[in-house]
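Let me begin by presenting the structure, written as structure tokens, before commenting on it.
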Amino acid sequence: MKRLVLLISGRGSNMEAIVKACRAEGWPAQVVAVISNRPDAGGLQFAAQHGIATAVVDHKAFASREDFDAELARVIDGFAPDLVVLAGFMRILTPGFTARYARRMLNIHPSLLPAFTGLHTHERALEMGCKVAGVTVHFVTAELDHGAIVMQAVVPVLAGDDAPSLAARVLAAEHRIYPQSVRWCVEDALVWDGERVCHRDGAPQQLLLN
Ligand code: GRF
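According to our numbering, the sequence shown is numbered sequentially starting from 236.
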């Protein structure tokens, strides 16, 4: 059984999708903990109600990013995870932290990377007049919103879209590709080719939605 630790900062809908898929599809894995940097993260309640250990490492209690990341790593390592899954975890991580979990930490970012790293991705895609938008699951490296791409989903930008309507369309795609990506990790289905990852049997790593 692979041990998964999920990190959240807010409502945790991606975390929820992963927990549900793991159980419904009988992955050889268990979500052993959900950790938040915010005590009021909505997702903590879902985790507790589903019998998953929860922990809070409040970033406001630490003087530096290094101190916060050191404590976060200590708490994570207490659960001995095989994979760390950032699911709406809104903190910039130090290079020491990302190196510690190299090739065993995933993130989801609501844009088609390498476009629109950072915040406000949907607003920026609309401002640019993008005709498609989407979401990327990638391994985490020291550089923000970079690292080997596991899956991407593409959705159309529709006439009349605003940031909330586009975000909702992208979020539905997130809930499809993030569980799939985590499952591939759990099943050791990804192979590294230099700094890129491919599915060992050539399964499609993209989802194109209309
Ligand atoms: C998602 O859009 C994710 O891509 C972004 O933050 C949002 C988190 O949503 N990084 P949730 O907490 O998983 O519901």
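All C-beta atoms in this analysis are idealised placements derived from N, C-alpha and C, irrespective of residue type, glycine included.
Just so we're clear, the structure is a prediction, and the values are computed from it rather than from any experiment.
Exercise for the section: Kindly list the residues whose CB is nearer than 8 Å to the CB of Asp397, restricted to its own chain and excluding five residues on each side of it in sequence; keep chain order. Expected result: Position 162 of the sequence shown, counted from the start, is the residue given in the question as residue 397. If we look at Asp397 and ignore the five residues flanking it on each side, its Cβ neighbours are Leu361.
Problem - Endpoints, the alpha helix (DSSP H) within which Lys255 is located - result: Taking the sequence shown and counting its residues from 1, the one referred to as residue 255 is at position 20. Going by DSSP, Lys255 is part of the alpha helix (DSSP H) stretching over 248-259.
Exercise for the section: Indicate whether Ala308 and Phe324 have their beta-carbon atoms separated by less than 8 Å. Expected result: Against the sequence shown, residue 308 aligns to sequence position 73. Against the sequence shown, residue 324 aligns to sequence position 89. For Ala308 and Phe324, no; Cβs fall outside 8 Å.
Practice task
Quick one: residues in its chain with C-beta nearer than 6 Å to the C-beta of Arg418, no 5 flanking neighbours on either side, listed in chain order?
Solution key: Here residue 418 refers to the residue found at position 183 when the sequence shown is read from its first residue. If we look at Arg418 and ignore the five residues flanking it on each side, its Cβ neighbours are Trp262.
Exercise for the section: Determine, using beta carbons only, whether Val456 and Leu239 come nearer to each other than 8 Å. Expected result: Residue 456 is absent from the model: the chain starts at 236 and stops at 445.
Problem - Coarse secondary structure for Gln440, derived from DSSP in three states - result: Position 205 of the sequence shown, counted from the start, is the residue given in the question as residue 440. When secondary structure is reduced to three states using DSSP, Gln440 falls in the coil class, being assigned neither helix nor strand.
Exercise for the section: Return helix, strand or coil for Lys366, following the three-state DSSP convention. Expected result: On the sequence shown, residue 366 is found 131 positions in, with the first residue counted as 1. Reduced to three states, the DSSP call for Lys366 is coil.
Handout entry: Ala292 in three-state terms, based on DSSP
Key = Sequence index remark: in the sequence shown, residue 292 carries index 57 (1-based). The amino acid occupying residue 292 in the given sequence is Val; Ala does not appear at that position. Assigned with DSSP and collapsed to three states, Val292 falls in coil, not helix or strand.
Exercise for the section: Report whether the distance from the Cβ of Val417 to the nearest heavy atom of the ligand GRF is below 7 Å. Expected result: Taking the sequence shown and counting its residues from 1, the one referred to as residue 417 is at position 182. Val417: no, Cβ never under 7 Å from the ligand GRF.
Practice task
Run the proximity test for Asn249: is its beta-carbon closer than 7 Å to any non-hydrogen atom belonging to the ligand GRF?
Solution key: As a first step, residue 249 must be located in the sequence shown, where it is residue number 14. Distance from the C-beta of Asn249 to the nearest heavy atom of the ligand GRF is below 7 Å.
Handout entry: Nearest-angstrom Cα separation, counted from Ile384 out to Pro345
Key = Translated into the one-based positions of the sequence shown, residue 345 becomes position 110. Translated into the one-based positions of the sequence shown, residue 384 becomes position 149. The straight-line gap from Cα to Cα measures roughly 13 Å.
Exercise for the section: Have a look at Asp428, Arg411, Asp436, Glu422 and flag the residue whose alpha-carbon is nearest the alpha-carbon of Leu444. Expected result: Here the question's residue 444 lines up with position 209 in the sequence shown. It is Arg411 whose Cα lies nearest to the Cα of Leu444.
Exercise for the section: Within the same chain, show all residues whose beta-carbon is closer than 6 Å to that of Ser271, passing over the 5 residues directly before and after it, in chain order. Expected result: In the sequence shown, residue 271 corresponds to position 36, counting from 1. Excluding residues up to 5 positions away in sequence, Ile243, Leu279, Val291 lie with their Cβ nearer than 6 Å to the Cβ of Ser271 in the same chain.
Practice task
From the DSSP output, in three-state form, read off Trp419 for me.
Solution key: Here residue 419 corresponds to residue number 184 of the sequence shown, with the count starting at 1. Reduced to three states, the DSSP call for Trp419 is helix.
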